[in-house]
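*Asks:* Under the numbering used here, the final residue of the sequence shown carries the number 474; numbering is consecutive throughout.
Backbone N, C-alpha and C fix where the C-beta goes; we use that ideal spot for every residue, glycine too.
Structure in structure tokens, see below.
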Amino acid sequence: MKVFLKLFFSKRAIVVVISALLVLTVLNTYLIWDGVRQTNLSGGVINYDFVLSQSGEGYKLKNMLTGHISEQVNSASLALASALEEGKSVYLNSGTYVLTEDIYIINKLGAKIVSDGATIEGNGHRIVLFGDDYTFSQYGLISGLTLINCTLRVENSFATTITNTRFINSSTGIEFINTNTWSEYSKIESCQFINNSEGIAFRTPVNGTQMSSGLGNATGSYASSLIERCYFNVPDFSMGINVEWLAEFSDSQIQNVRFWMGENDYRSNQTGLRVDGSMCQTLLLGVVFESFASDPIYMFAIDLDCNCDPAPILSRVSFLGNWTSRVYNPFAVWISGKGMIFKQEIATVPIGKNGVYGEIRTIDRQPATIDSFKPKIEATGSFSHDETLTVRIRVEYLDNKISAPIIRTFTSAGSTWITDEELTRLFGSQNLIWAILIDAKVDSATSDTSVRVSGYGTPK
């Protein structure tokens, strides 16, 4: 009897334990699926520190780590500022968020403001991605927003990415500025700029040695950046992209970008790209400037201002419609393009005395190499009796080797071109030419002669 009771209670205990385990399993499964459901309701934002949602007239801010939800009455600015001070990433659910003050994202690595359709009413305020220098503010991401009357300012920040965002009715859509070090390696992709006074601005550096102030370490460099698959709707008295004095938007690319200008009866004081700084080795590839104006007034696809040095390189750039000037170039800036010819001149080549060559002068297209160059040598000044001026031209190849020379001698003033046959001797062994080297000498201890070298060439 005792044995039977023991077996009975043992079986009953087993049934109870198994039943309990089944209940816990069902409950756990429910909680898991409920968690997945809640995550989906939040827009799949499990990897963000905070989620901001519109709630009636106010906003709700959810801490994704703790689950705590705070109410933010009528102040998206305070909610965003709180999230980006405590964390570094915030997701905005669909809705309209009204700013009452500027938002600062200070010294954050990998800061993110991301959405899939939220609208920010800026009321003239700014979202500022700021670093004390570029090492403190890196790899920021702004994506999926519509910014109305709001400026996104990138200051001393490295590798900022701005994608799938619309900038509408702003004084400036995106503003890059350096107040200490630089803001390089940025990417602006698949964005639209509608009715802004400036779409994108690269500002003159502040507190930098270029300004002769000696107050800071700011440079003008916004180098190695990319603007791709963007659209600019430019109204009157506005411009698409503005590269200011001392700003260096260099070694970069603007590609597959379109500027719509002169639409909706707009027809005056419109500029697609203004350059008053440097766009050295920056390529415009597949860019379209399209004017819809029948009678344009001061409408320029590209405006090269007095400090432009150099202009960008144009490749497969289209100019459609009517313009005051396709490229407004009152200061005769040299314009380069695919298949381009460059012109370069050395006004004075130092002349060595007593049979020793003087200091070398170079013709180059750094950082590009030279495909060909046709030099002209001019000797001027007063030659003394029996004085001979010798000018030597050589080529430095990409691997630092130096070619055999071409020699020209002068006993009186005159000029001469280097022949094609002579140039083939220079270009024969390699075709990657880094620089043309020129130097000169006289056998006497003094000389009143001078040498100038000029010519045309093509880069590789």
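Kindly indicate which three-state DSSP category T438 falls into: helix, strand or coil?
*Replies:* In the sequence shown, counting from the first residue as 1, residue 438 sits at position 424. If DSSP states are grouped into helix, strand and coil, T438 belongs with the helices.
*Asks:* Return the chain-ordered list of same chain residues with a C-beta closer than 6 Å to the C-beta of A173, the five sequence neighbours on each side being excluded.
*Replies:* Residue numbering aside, residue 173 sits at position 159 when the sequence shown is read from its first letter. Answer for A173: Q152, Y153, Y199, listed in chain order.
*Asks:* Between the alpha carbons of W274 and V248, how many angstroms are there, rounded?
*Replies:* Counting from 1 along the sequence shown, the entry for residue 274 is found at position 260. Counting from 1 along the sequence shown, the entry for residue 248 is found at position 234. Straight-line Cα distance between these residues: approximately 6 Å.
*Asks:* Where DSSP assigns a beta bridge to S103, which residues make up the other side?
*Replies:* The count along the sequence shown starts at 1 and reaches residue 103 at position 89. Its beta-bridge partners are K126.
*Asks:* With a cut-off of 8 Å on the beta carbons, I'd call N209 and I182 a contact; round off their distance for me.
*Replies:* Within the sequence shown, the letter at position 195 stands for residue 209. Within the sequence shown, the letter at position 168 stands for residue 182. Contact flag correct, Cβ pair sits at about 6 Å.
*Asks:* Where are the beta strand (DSSP E) runs, 3 residues long or more, that stay fully inside the segment 161-190, in chain order?
*Replies:* Segments of the beta strand (DSSP E) lying fully in the segment 161-190: 165-169, 175-177, 180-182.
*Asks:* Under 8 Å between the Cβ atoms of A232 and P219?
*Replies:* Position 218 of the sequence shown, counting from 1, holds the residue named residue 232. Position 205 of the sequence shown, counting from 1, holds the residue named residue 219. A contact, by the Cβ cut-off of 8 Å.
*Asks:* Can you grab the Cα-Cα spacing for the pair I83 / K76, in whole Å?
*Replies:* Residue mapping note: residue 83 aligns to position 69 of the sequence shown, counting from 1. Residue mapping note: residue 76 aligns to position 62 of the sequence shown, counting from 1. Distance between the alpha carbons of I83 and K76: 4 Å.
*Asks:* Going by C-alpha to C-alpha distance, which of D250, D457, I421 sits closest to I391?
*Replies:* The sequence position of residue 391 within the sequence shown is 377, counting from 1. Ranking D250, D457, I421 by Cα distance to I391 puts I421 first.
*Asks:* G187 and I162 look like a contact to me (Cβ under 8 Å); what is the Cβ gap, rounded to whole Å?
*Replies:* Here residue 187 corresponds to residue number 173 of the sequence shown, with the count starting at 1. Here residue 162 corresponds to residue number 148 of the sequence shown, with the count starting at 1. The pair is not a contact, with the Cβ atoms about 11 Å apart (cut-off 8 Å).
*Asks:* Rank I268, F263, N336, L297 by C-alpha distance to the C-alpha of E277 and give the top, closest one.
*Replies:* Counted from its first residue, the sequence shown places residue 277 at position 263. The shortest Cα separation from E277 among I268, F263, N336, L297 belongs to N336.
*Asks:* Sorted by chain position, which residues of the same chain lie with C-beta nearer than 6 Å to V485's C-beta, five sequence neighbours on each side aside?
*Replies:* There is simply no residue 485 to check, as the chain begins at 15 and stops at 474 in what is shown.
*Asks:* Applying the criterion that 16 or more other CB atoms from any shown protein chain within 10 Å of the CB defines a buried residue, is S426 buried or exposed?
*Replies:* Residue numbering aside, residue 426 sits at position 412 when the sequence shown is read from its first letter. S426 is exposed by the Cβ-count criterion.
*Asks:* Residue range of the beta strand (DSSP E) that Q358 falls in?
*Replies:* The sequence position of residue 358 within the sequence shown is 344, counting from 1. It spans 356-360 - the beta strand (DSSP E) in which Q358 sits, taken as one unbroken run.
*Asks:* Between the Cα of V456 and those of Q284, V405, L79, spot the shortest distance and give me the residue it belongs to.
*Replies:* By 1-based counting over the sequence shown, the position of residue 456 is 442. It is V405 whose Cα lies nearest to the Cα of V456.
*Asks:* Could you tell me which of T394, R439, F424, C205 sits nearest to V409, measuring between CA atoms?
*Replies:* As a working note, residue 409 is residue 395 in the sequence shown. Cα-wise, what sits closest to V409 is R439.
*Asks:* Let me check understanding here. Comparing Cα to Cα, which of L297, R243, V128 lies closest to E203?
*Replies:* The residue labelled residue 203 in the question sits at position 189 within the sequence shown. If we check each option's Cα against that of E203, R243 comes out closest.
*Asks:* Taking the CB atoms as reference points, tell me whether R379 and V363 lie closer together than 8 Å.
*Replies:* The count along the sequence shown starts at 1 and reaches residue 379 at position 365. The count along the sequence shown starts at 1 and reaches residue 363 at position 349. No, the pair does not count as a contact, with Cβ atoms beyond the cut-off.
*Asks:* Using only the alpha-carbon positions, how far apart do N13 and C320 sit?
*Replies:* No statement about residue 13 is possible, as the shown extent of the chain runs from 15 to 474 and does not include it.
*Asks:* To which residues of the same chain is R180 closer than 6 Å at the C-beta, ignoring the five residues directly before and after it?
*Replies:* Residue mapping note: residue 180 aligns to position 166 of the sequence shown, counting from 1. So the qualifying residues of the chain are T160, Q206.
*Asks:* Once you ignore the five residues that flank R281 on each side, which residues in its own chain have a CB closer than 8 Å to its CB?
*Replies:* Within the sequence shown, the letter at position 267 stands for residue 281. So the list reads D250, A307, S308, D309, P310, I311, M313, once near-sequence residues are dropped.
*Asks:* Is the shortest distance between the beta-carbon of G101 and the beta-carbons of chain D less than 8 Å?
*Replies:* You won't find chain D in this structure, because it holds only one protein chain.
*Asks:* To which residues does DSSP link A132 through a beta bridge?
*Replies:* Counting from one through the sequence shown, the residue named residue 132 turns up at place 118. Beta-bridge pairing links A132 to L159.
*Asks:* Classify S458 as helix, strand or coil using the three-state DSSP reduction.
*Replies:* Taking the sequence shown and counting its residues from 1, one reaches residue 458 at position 444. Residue state, collapsed to three classes: coil.
*Asks:* Have a look at G471 and I117 and give me their C-alpha separation to the nearest angstrom.
*Replies:* By 1-based counting over the sequence shown, the position of residue 471 is 457. By 1-based counting over the sequence shown, the position of residue 117 is 103. About 51 Å.
*Asks:* Starting from the C-beta of I327, find all residues in its chain whose C-beta is less than 6 Å away, skip the five residues before and the five after it, and write them out in chain order.
*Replies:* For this step, residue 327 is matched to residue 313 along the sequence shown. Correct list, in chain order: L297, S350.
*Asks:* Rounded to whole angstroms, how far is the Cβ of S197 from the Cβ of S171, which I believe are closer than 8 Å?
*Replies:* As a working mapping, residue 197 is identified with position 183 in the sequence shown. As a working mapping, residue 171 is identified with position 157 in the sequence shown. That pair is a contact at about 5 Å.
*Asks:* With DSSP as the reference, label L94 as helix, strand or coil.
*Replies:* What you label residue 94 is simply residue 80 of the sequence shown in a count that begins at 1. Here L94 sits in helix by DSSP.
*Asks:* Can F424 and A393 be called in contact, C-beta distance under 8 Å?
*Replies:* Here residue 424 refers to the residue found at position 410 of the sequence shown. Here residue 393 refers to the residue found at position 379 of the sequence shown. Yes, they are a contact pair.
*Asks:* What residue range does the beta strand (DSSP E) around N247 cover?
*Replies:* Locating residue 247 in the sequence shown gives position 233, where the first residue counts as 1. Note, N247: beta strand (DSSP E), 245-248.
*Asks:* Give the range of the beta strand (DSSP E) segment to which W431 is assigned.
*Replies:* Within the sequence shown, residue 431 is the residue found at index 417, counting from 1. Where W431 is concerned, the enclosing beta strand (DSSP E) stretches over 428-431.
*Asks:* If you follow the beta strand (DSSP E) that Q152 is in, where does it begin and where does it stop?
*Replies:* Looking up residue 152 in the sequence shown gives position 138. Neither: Q152 is in no beta strand (DSSP E) and is coded neither H nor E.
*Asks:* Tell me which residue opens and which closes the beta strand (DSSP E) that D378 is part of.
*Replies:* Sequence index remark: in the sequence shown, residue 378 carries index 364 (1-based). From DSSP, the beta strand (DSSP E) with D378 extends over 375-378.
*Asks:* Going by DSSP, what residues sit across from K201 in a beta bridge?
*Replies:* Working through the sequence shown from its first residue, we reach residue 201 at position 187. In DSSP, K201 forms a bridge with T175, L240.
*Asks:* Mapping the DSSP letters down to three states, classify L451 as helix, strand or coil.
*Replies:* As a first step, residue 451 is located in the sequence shown; it is residue number 437 there, counting from the start. Of the three classes helix, strand and coil, the one that applies to L451 here is strand, per DSSP.
*Asks:* Suppose you measure from the CA of T195 to the CA of S264; what does that come to, to the nearest Å?
*Replies:* For this step, residue 195 is matched to residue 181 along the sequence shown. For this step, residue 264 is matched to residue 250 along the sequence shown. Approximately 16 Å between the Cα atoms of the pair.
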